[in-house]
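By my numbering, the letter at position 132 of the sequence shown is numbered 125, and the numbering carries on one by one without gaps.
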Amino acid sequence: MTSDHGTPGGASLDMPPDSVRDTLLDHDQSFFDALVSGDAGRLKELLADDFLLVGVEDGAVADKETVIGLVASGSLEFPRIESFPGEAVVRVVGDVGIVVGRTGMNFTNPDGTPFSAASRYTHVYAASSSPGLWHLVSAQGTTIKG
């Protein structure tokens, strides 16, 4: 058995074609832009129904409904998310895309406390049945110390 990328068994991580890499990085930027602009409608489109976020600050887990609710209400605000797509590592396994990247961000928690950090993140995407459309299934951030 061979994967779409010609590897035996289909289980290896492959570097995607530039078009897939660009699409996944565009989806990443759309996610960050939606958080900064507070665009709950766009988040609803981008996130898979079973989306889970592991928070960069405290490791708390939030589902799609919670994230969208906090953003829509203004309880969770992101004045700034700076991403570095040129540094991102993008890999594809079958219908799953994985982006490992870096951000600098500021946000205000629902309790009003500000948070600022450089972070490394992993975003996991699932391909949709519509060509070129991916949904963010999982996002996890880790603060970069120092």
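Just so you know, even glycine gets a beta-carbon here, dropped at the ideal spot from N, CA and C.
I need the straight-line Cα distance from residue i to residue j, nearest angstrom please.
i           : j           : result
residue 120 : residue 90  : 8 Å
residue 3   : residue 86  : A caution first: residue 3 carries a pLDDT of 43, below 50, which makes its placement in the model unreliable, though a value can still be read off. Taking the straight line joining both Cα atoms gives about 7 Å.
residue 131 : residue 118 : 7 Å
residue 44  : residue 36  : 11 Å
residue 108 : residue 11  : 34 Å
residue 122 : residue 102 : 35 Å
residue 32  : residue 128 : 16 Å
residue 34  : residue 46  : 17 Å
Count the other CB atoms, across all protein chains shown, that sit within 10 Å of the CB of residue i; report buried if there are 16 or more and exposed otherwise.
i           : result
residue 27  : buried
residue 94  : buried
residue 105 : exposed
residue 137 : exposed
residue 134 : buried
residue 19  : exposed
residue 61  : buried
residue 139 : exposed
residue 83  : buried
residue 80  : exposed
residue 92  : buried
residue 64  : buried
residue 141 : Since the displayed the chain opens at -6 and closes at 139, residue 141 lies outside it and no answer follows.
residue 58  : exposed
residue 88  : exposed
residue 42  : exposed
Determine the extent of the alpha helix (DSSP H) in which residue i is found, giving its start and end residues.
i          : result
residue 59 : 57 to 66
residue 27 : 11 to 30
Quick one: give me the first and last residue of the beta strand (DSSP E) that residue i is part of.
i           : result
residue 42  : 40 to 47
residue 76  : 70 to 76
residue 107 : 107 to 120
residue 137 : No beta strand (DSSP E) contains residue 137, which DSSP labels as neither H nor E.
residue 97  : 89 to 101
- Task: For the region 69 to 79 and the region 94 to 106, state whether three or more C-beta atom pairs, one from each stretch, are separated by less than 8 Å.
- Result: yes
- Message: Any contact between the region 43 to 53 and the region 20 to 35? By contact I mean 3 or more CB pairs, one from each, below 8 Å.
- Response: no
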